[in-house]
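Contents: one structure, followed by commentary.
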Amino acid sequence: MTTQSPHARVVRQASEQGGWELVFGTPDARLREHVHDYCGYRESTPGPVRRRELPAPQVVLIIDFGPPLRIVDPRTGRPLGRHPVGFVAGLDDGYSITETAGSMNGMQVNFTPVGARRFFGMPLHHLARQVVGLESVLGAEGPLLTERLVEAPSWEARFALLDQLLLSRILTAPEASPVIIWTWQRLRASGGQVEIGELARELGFSQKHVIARCGQELGLTPKLLARLIRFDRVIQVLKSGAAESQARLALEQGYFDQAHLIRDFRQFTGGPPGEFLRRRLPALGGTRAD
DNA sequence: TATTGCGATTGTCGAAACTG
DNA sequence: CAGTTTCGACAATCGCAATA
Numbered sequence: 001m002t003t004q005s006p007h008a009r010v011v012r013q014a015s016e017q018g019g020w021e022l023v024f025g026t027p028d029a030r031l032r033e034h035v036h037d038y039c040g041y042r043e044s045t046p047g048p049v050r051r052r053e054l055p056a057p058q059v060v061l062i063i064d065f066g067p068p069l070r071i072v073d074p075r076t077g078r079p080l081g082r083h084p085v086g087f088v089a090g091l092d093d094g095y096s097i098t099e100t101a102g103s104m105n106g107m108q109v110n111f112t113p114v115g116a117r118r119f120f121g122m123p124l125h126h127l128a129r130q131v132v133g134l135e136s137v138l139g140a141e142g143p144l145l146t147e148r149l150v151e152a153p154s155w156e157a158r159f160a161l162l163d164q165l166l167l168s169r170i171l172t173a174p175e176a177s178p179v180i181i182w183t184w185q186r187l188r189a190s191g192g193q194v195e196i197g198e199l200a201r202e203l204g205f206s207q208k209h210v211i212a213r214c215g216q217e218l219g220l221t222p223k224l225l226a227r228l229i230r231f232d233r234v235i236q237v238l239k240s241g242a243a244e245s246q247a248r249l250a251l252e253q254g255y256f257d258q259a260h261l262i263r264d265f266r267q268f269t270g271g272p273p274g275e276f277l278r279r280r281l282p283a284l285g286g287t288r289a290d
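Under UniProt numbering, the residues of the first sequence are numbered 1 to 290, in order.
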């Protein structure tokens, strides 16, 4: 079931296996360069669910209404930590695994790297390849934010609250440096297909300088970010079901051939594209992790 | 569709040199 | 002296072919 309103799009499903509700919110237009989207979710299942979360060119803020989502180390399968009111996941070039105890309830804000840099007010190498508790990043504001969102009467009210908070924080924070803004915009606009040397020439800085600044401010080197952007497009096409063949998709998105695409795919998801499609979960993104 | 091998090309990073 | 560039070694990615 899907319903529409100016600020929220709701998708719901219920069955004997439990039910879920997913609500997408559109951020205020002034946040366009900073936030991709908002999402609210509520799910209950008969047992624990593990999801494989794929890397993407975004910084994720999770606001947990409880019970808390667990983060599992993909290499060992052991729990990495729990963050009662929520957490931030910085840019990452590897997938991660989340686990629910049978239900989850909360919200997700997907920041652009530049938006996250500005919102969190710290160089993002502090957050890269890490999951950090909300209170460590936002201080006392973290738990307070979660509390206010829980108490809001509707998803729309929650989205409005997020707008308010993000606008007040972002618009009063200093802008990211021009080098970083240009790097991000150029990488994104090209679908991750500019040479880093070319990018540096356009900026009038040495390649070394651009790499260092990008790594410092956004948390990943520009090439890695470019590959992530390219890979993310592939994922979007695969999810939409619009891909004719892998070979075609690879060429369209700037890979040399199918082998090249599959290599990237293995590195970012732990398996080939076919496996991703078979394991894909209908709701809440992610794929089954077992 | 998926995997592997291998040479060529590009990206990254430390050390040294430069500039204001 | 801080910030930056240049140089060069090394690592990672790409390009291409072959094969299951």
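Cβ coordinates follow ideal geometry from the N, Cα and C atoms, glycine included. If you're wondering where the values come from, they're calculated on a predicted model, not measured in any experiment.
Exposed unless 16 or more other CB atoms sit within 10 angstroms - verdict on residue i
i: glutamate 195; result: exposed
i: aspartate 257; result: exposed
i: histidine 260; result: exposed
i: histidine 209; result: exposed
i: threonine 146; result: buried
i: glutamine 253; result: buried
i: glutamate 43; result: buried
i: threonine 76; result: exposed
i: alanine 116; result: buried
Beta-carbon proximity list for residue i, same chain, < 6 angstroms, skipping 5 on both sides
i: leucine 54; result: Tyr95 and Thr269
i: leucine 138; result: none
i: aspartate 92; result: Pro55 and Arg129
i: valine 49; result: Thr100
i: glutamine 193; result: Gly254
Reference residue i, options the options, closest by Cα
i: alanine 101; options: Leu277, Met122, Arg117 and Ile71; result: Ile71
i: tryptophan 20; options: His36, Pro27 and Thr45; result: Thr45
i: glycine 133; options: His34, Leu69 and Arg12; result: Leu69
i: isoleucine 97; options: Met107, Phe111, Val109 and Arg82; result: Arg82
i: glycine 40; options: Met104, Trp184, Gly18 and Pro123; result: Met104
i: histidine 36; options: Gly106, Val131, Gln130 and Leu166; result: Leu166
i: serine 177; options: Phe159, Leu144, Gln267 and Met122; result: Met122
i: glycine 66; options: Pro113, Leu149 and Asp232; result: Leu149
i: glycine 142; options: Leu162, Ser154, Pro153 and Arg9; result: Leu162
i: valine 237; options: Phe276, Gly25 and Val88; result: Phe276
i: tryptophan 155; options: Thr221, Gln108 and Leu127; result: Gln108
i: glycine 213; options: Lys239, Val179 and Pro113; result: Note that residue 213 is arginine in the sequence shown here, rather than glycine. The residue with the shortest Cα to Cα distance from arginine 213 is Val179.
i: lysine 239; options: Ala200, Leu281 and Ala226; result: Leu281
Nonlocal neighbours in the same chain, by C-beta distance under 7 angstroms from residue i, ignoring five residues either side
i: histidine 125; result: Gly215, Gln216 and Gly219
i: arginine 266; result: Pro272
i: arginine 118; result: His34, Ile170, Ala173, Glu175 and Ala176
i: arginine 279; result: Thr287 and Arg288
i: alanine 250; result: Asp257, Gln258, His260 and Leu261
i: arginine 188; result: Ile229
For residue i, three-class secondary structure by DSSP
i: aspartate 73; result: coil
i: glycine 133; result: strand
i: glycine 19; result: strand
i: threonine 269; result: helix
i: aspartate 64; result: strand
i: threonine 287; result: strand
i: glutamate 151; result: helix
i: arginine 158; result: helix
Expected contact under 8 angstroms - CB spacing of residue i and residue j to nearest Å
i: proline 79; j: aspartate 64; result: With a Cβ gap of about 15 angstroms, proline 79 and aspartate 64 do not count as contacting.
i: phenylalanine 120; j: histidine 7; result: 24 angstroms between Cβ atoms; not a contact.
i: tryptophan 182; j: leucine 203; result: 6 angstroms
i: valine 88; j: leucine 127; result: 6 angstroms
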